[in-house]
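Worksheet for the structure shown next.
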Amino acid sequence: MAEFTMELSDEQKEVRDWLHGFAADVIRPAAAEWDEREETPWPVIQEAAKVGIYSLDFYAQQYFDSTGLGIPMAMEELFWGDAGIALSIVGTGLAAVGVLANGTEEQIGTWIPQMYGDANDVKVAAFCSSEPDAGSDVASMRTRAVYDEAKDEWVLNGTKTWATNGGIANVHVVVAVVDPDLGSKGHASFIVPPATPGLSQGQKFKKHGIRASHTAEVVLDNVRVPGSCLLGGKEKLDARLARAREKAKKGGERVKNAAMATFEASRPAVGAMAVGTARAAYEVALEYAQTREQFGRPIIDNQGVAFQLADMRTSIDAARLLVWRASWMAINGKPFTAAEGSMSKLFASETAKKVTAQAIQILGGNGYTREYPVERMHRDSAIYTIFEGTSEIQRLVIARTLAGMPIR
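Structure representation (structure tokens):
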């Protein structure tokens, strides 16, 4: 088990600086254009593929970093460049991780390469879980998967929403209910191959922020996929469902808590995204305060501005420390006895909203215009308190964990 440290190794620093350079030279100059266009930034994704950032190998290397800092470091630097474009680059990773976590070796080898394509023909993938009536309440999911034994096919019906890359993806990973009596333990994940009949894009959402990231509904109308597209296979699913039924008889809350623990482990990465956006806004505000003169001196000489910057930097550093702690705990198998994963996501996301608002205030009228990036950063920051569990859900998880109560 790696010791927790705040000091990056020389190799980690090289990766950080490489990512920062890509964010500064490629992502940031394109940010305003793709935010206005509200379209997937395919040329930027292609550039990321050419240098090796948009690839499973890169994210796997960061994910398996024994310090746990690889992923949060990468997320912070990319989202420092721009949140919308960065989400377009990392969004495929959600689907890839779903296959890596649940799929067989054959499924991993077959489908993950099709998610990314190559530098000359990039593809994206979509992870489809949320539904119009099942966001935070995953147990209310309605999309059904029914097994047709005669044809060895699964038939999927339902509507998914808030799907990053939904409808434009080459490969969709869809979570569906196979046993409604088991709540979230009665779910399974399925690969929907390219051009499968019955899958279509529903509404494409016009969003407040992260507008370069494609978000849409995915409609499943009698979508038939081969039995081989059930992640993990049917034998494994049947065994898991049998265990879940037995555990449910003995104590259903333990089953639900195990599911919540999975969500807890993924939240620090979102916290790192928020840290990147907050840091970007702070740096713009700091430079502006040092160069903008009013009444014959830089505005940073005024306590009203200087104290805001001091609070901004303090909050950003505190958020990063919470994210790093939770990431280290997750990779080293340390239990989140105080919901440390939710703590990191809650504090970092709220910090991003506050810091970007303060940056606008420091820039004054300029900050309110699209001529300066803090306006966009403030719009982007709003998503961090919503996706991967709202701030209210994070507080609920933390409070119930501290009280020793079951998390519903």
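Letter by letter, the sequence shown follows residues 847 to 1254 in this note's numbering. Positions of the beta carbon are idealized from the N, C-alpha and C atoms, including for glycine.
Ordered along the chain, which non-local residues of its own chain (more than five positions away) have a Cβ less than 8 Å from that of residue i?
i        : result
Glu-853  : none
Thr-1137 : Pro-1144
Trp-926  : His-866, Ala-869, Gly-1122, Thr-1123, Arg-1125 and Ala-1126
Please report the distance separating the alpha-carbon of residue i from that of residue j.
i        : j        : result
Arg-1100 : Ser-1173 : Any reading at Arg-1100 is ruled out, since the residue's pLDDT is 47, under 50, leaving its predicted position unreliable.
Val-1243 : Ile-1208 : 35 Å
Gly-916  : Val-861  : 9 Å
Lys-1082 : Gly-1211 : 59 Å
Val-1020 : Thr-938  : 13 Å
Gln-953  : Asp-1147 : 60 Å
Ser-1237 : Ala-1115 : 15 Å
Thr-851  : Trp-1170 : 9 Å
Trp-864  : Ala-870  : 10 Å
Arg-990  : Val-1024 : 6 Å
Asn-1068 : Trp-1008 : 21 Å
Ala-1165 : Met-1175 : 15 Å
Val-992  : Gly-1235 : 28 Å
Pro-1072 : Ser-1035 : 13 Å
Leu-1168 : Ser-1190 : 5 Å
Report all residues from its chain with a CB closer than 6 Å to the CB of residue i; omit the five preceding and five following residues, and keep chain order.
i        : result
Lys-1050 : Ala-1062
Met-921  : Ala-1115, Ala-1118 and Met-1119
Lys-896  : Ala-965
Leu-1028 : Ala-1090
Arg-1057 : Asp-881, Glu-884 and Gly-930
Arg-1070 : Glu-999 and Val-1001
Thr-886  : Ser-934 and His-1060
CB-CB under 7 Å to residue i, same chain, minus the five flanking residues each way: which ones, in chain order?
i        : result
Leu-946  : Ile-954
Leu-1076 : Trp-1000, Ala-1034, Phe-1036 and Leu-1083
Taking the beta strand (DSSP E) that residue i falls in, what are its first and last residues?
i        : result
Tyr-993  : 990-994
Lys-1050 : 1045-1050
Thr-1010 : 999-1010
Ser-1035 : 1033-1038
Ala-1022 : 1017-1023
Considering residue i, what are the terminal residues of the alpha helix (DSSP H) in which it resides?
i        : result
Glu-857  : 856-868
Leu-1242 : 1237-1248
Task: Ranges of the alpha helix (DSSP H) found wholly within the stretch 873-936, counting only runs of at least 4 - done: The qualifying runs are 874-883, 888-897, 902-909, 916-927 and 929-936.
TODO: Could you say if the stretch 1191-1210 and the stretch 1220-1230 meet the contact criterion of at least three C-beta pairs nearer than 8 Å?
DONE: The stretch 1191-1210, when compared against the stretch 1220-1230, does touch it at the 8 Å Cβ threshold.
Task: Stretch-stretch touch, CB-based, cutoff 8 Å, three pairs: the stretch 1083-1097 with the stretch 1116-1124 - done: no
Open item on the list: Restricting to runs no shorter than 3 residues, where is the beta strand (DSSP E) found entirely within the stretch 938-970?
Closed with: none
Task: Complete alpha helix (DSSP H) runs within the stretch 1153-1233 (minimum length 4 residues, chain order) - done: 1186-1209 and 1220-1227
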